[in-house]
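**Student:**
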Amino acid sequence: MNKNKIKSIRSRLLNIAKEEQIDFNQILLLYFHERLLYRLSNSKYNSNFFLKGGILILSTTNFKLRPTKDIDFLAENITNDLEKIKNVFKNISQIQFEDGVEFETDSIQVEKITEGAEYEGVRLNIIAYLGKARKRIQLDVGFGDVIVPQAKTLNYPSLLEFEAPKINAYSLESIIAEKFEAMLKLGQINSRMKDFYDIYMISKLKQFDGRVLQEAIYETFQKRGTSFETNPIIFKEKFAEDEQRIKMWNNYLKRINQESISFHNIMNRLKTFLFPVYKAVINEKEFFRNWDNQNQEWINYS
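For any residue, its number in my numbering is found by taking its place in the sequence shown, counting from 1, and adding 216.
1. Taking contact to mean 3 or more Cβ pairs, one atom from each stretch, closer than 8 Å, check whether the segment 407-421 and the segment 263-275 are in contact.
2. Since Gln-325 sits in a beta bridge, which residues does DSSP pair it with?
3. Looking at the secondary structure, which residues open and close the alpha helix (DSSP H) in which Ala-456 lies?
4. What number of angstroms, rounded off, separates the C-alpha of Tyr-386 from the C-alpha of Ile-392?
5. Below 7 Å CB to CB, which residues in the same chain sit around Phe-504 once its five sequence neighbours on both sides are set aside?
6. Identify which residue in Ile-462, Glu-445, Asn-293 has its Cα closest to the Cα of Thr-497.
7. Using the Cβ count rule (16 or more neighbours within 10 Å means buried), how would you classify Gly-269?
8. Return the CA-CA distance between Ala-333 and Glu-397, expressed in angstroms with no decimal places.
9. Since I believe Leu-340 is in contact with Lys-302 (beta carbons under 8 Å), could you give me their beta-carbon distance rounded to a whole number of angstroms?
10. For Ser-257, which residues of its own chain have a beta-carbon under 6 Å away from its beta-carbon, when the five flanking residues on both sides are left out?
11. Buried or exposed: which applies to Leu-230, given that a residue is buried once 16 or more other Cβ atoms fall within 10 Å of its Cβ?
12. Who are Glu-267's beta bridge partners in DSSP?
13. With a 10 Å radius around its C-beta and 16 neighbouring C-beta atoms as the bar for buried, classify Gly-190 as buried or exposed.
14. When the Cα atoms are used, what is the spatial distance from Arg-471 to Met-409?
15. Suppose only complete runs of 4+ residues qualify. What are the alpha helix (DSSP H) ranges in the segment 374-429, listed by chain order?
16. Along the chain, where does the alpha helix (DSSP H) that runs through Glu-459 open and close?
17. Let me make sure I understand the geometry here. Which of Phe-266, Ile-287, Tyr-261, Met-217 has the alpha-carbon closest to that of Leu-245?
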């Protein structure tokens, strides 16, 4: 692509940053994410990867939530061998489109990551360019999880007029279930403030069928071998009142430039949202309720 077209793309991205009052570097990173996902959607590997994590949450809420620096995938029917995964994304990155983006395919970095003994994944770092503008994109690829309800095709939002990626995506129910499972597993040592924030914001913006969320939680805990505690520490007052955790929470909000809300309030909201579903799971009772995100409460099926 010639320099004038690249300059035009950069100018339009800069205008978006100004209009939305978002840092240009964040908009540029989102654009690189989008164009890599578009290449994936046009590759033979599209059916092997399912978008999840922060970038999926961000896209399903029209980029209203916290910024995210990486792309998370669940991989299926593909090996977690480092060199093979590296070659997969090298092939994806080499696909050419008239969107001004070039990926540095000869310097892709790859390493093992571990969430737990049974969930070894792969992390890749790829350099992306728009003219002289340069960003490092991090991809985290996981293996072995379940998606409840089943994956759907997502029309990923496009920042400019280019064709949008159509990719396989996690359900929000499975995202919530995985974050909730991590909260219970980590318990008192949990410092993953983004999980608390993400579930809180999703519960504010989206409605849910309680029975579907219940199934997602049950299947995720079963798949990961996590026991169902009767009285989890995260729902206790002392967890919400821990001074060190409150400090971490406040620092996290400052870092993502979000409005202040107390950690105690967050935990009360999460208890309202999650505990009734979790209680139904451990009592082996079906949870036939709908989540009313406007009033922040579970209501009977209408």
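Cβ atoms here follow ideal geometry from the backbone N, Cα and C, with glycine treated the same way.
**Tutor:** Taking the geometry as given:
1. Counting C-beta pairs closer than 8 Å gives three or more between the segment 407-421 and the segment 263-275, which meets the contact rule.
2. For Gln-325, which the question treats as bridged, DSSP gives the partners Asn-341.
3. Membership of Ala-456 in the alpha helix (DSSP H) is indicated by the continuous run 453-456.
4. Going from the Cα of Tyr-386 to the Cα of Ile-392 covers about 10 Å.
5. Taken in chain order, the residues that qualify are Gly-426, Arg-427, Tyr-517.
6. Checking the sequence, you will find Val at residue 497 rather than Thr. In terms of Cα proximity to Val-497, the closest of Ile-462, Glu-445, Asn-293 is Glu-445.
7. Burial call: buried.
8. Note on Ala-333: pLDDT 42, under 50, position unreliable in the model; the coordinate value appears next. Approximately 15 Å between the Cα atoms of the pair.
9. In this structure Lys-302 is in contact with Leu-340, their Cβ atoms being roughly 7 Å apart against a cut-off of 8 Å.
10. Within the same chain, Ser-257 has close Cβ partners Pro-381, Lys-382, Ile-383.
11. Exposed is the call here.
12. Note that residue 267 corresponds to Leu in the displayed sequence, not to Glu. Partner residues in the beta bridge of Leu-267, as assigned by DSSP, are Phe-289, Ala-385.
13. Shown here, the chain extends from 217 to 518; a query on residue 190 therefore has no answer.
14. Arg-471 and Met-409: Cα-Cα distance of roughly 11 Å.
15. Entirely contained in the segment 374-429, the alpha helix (DSSP H) runs reaching 4 residues are, in chain order, 388-402, 409-421.
16. Segment 459-471, the alpha helix (DSSP H) holding Glu-459.
17. Selected option, being the one with the closest Cα: Ile-287.
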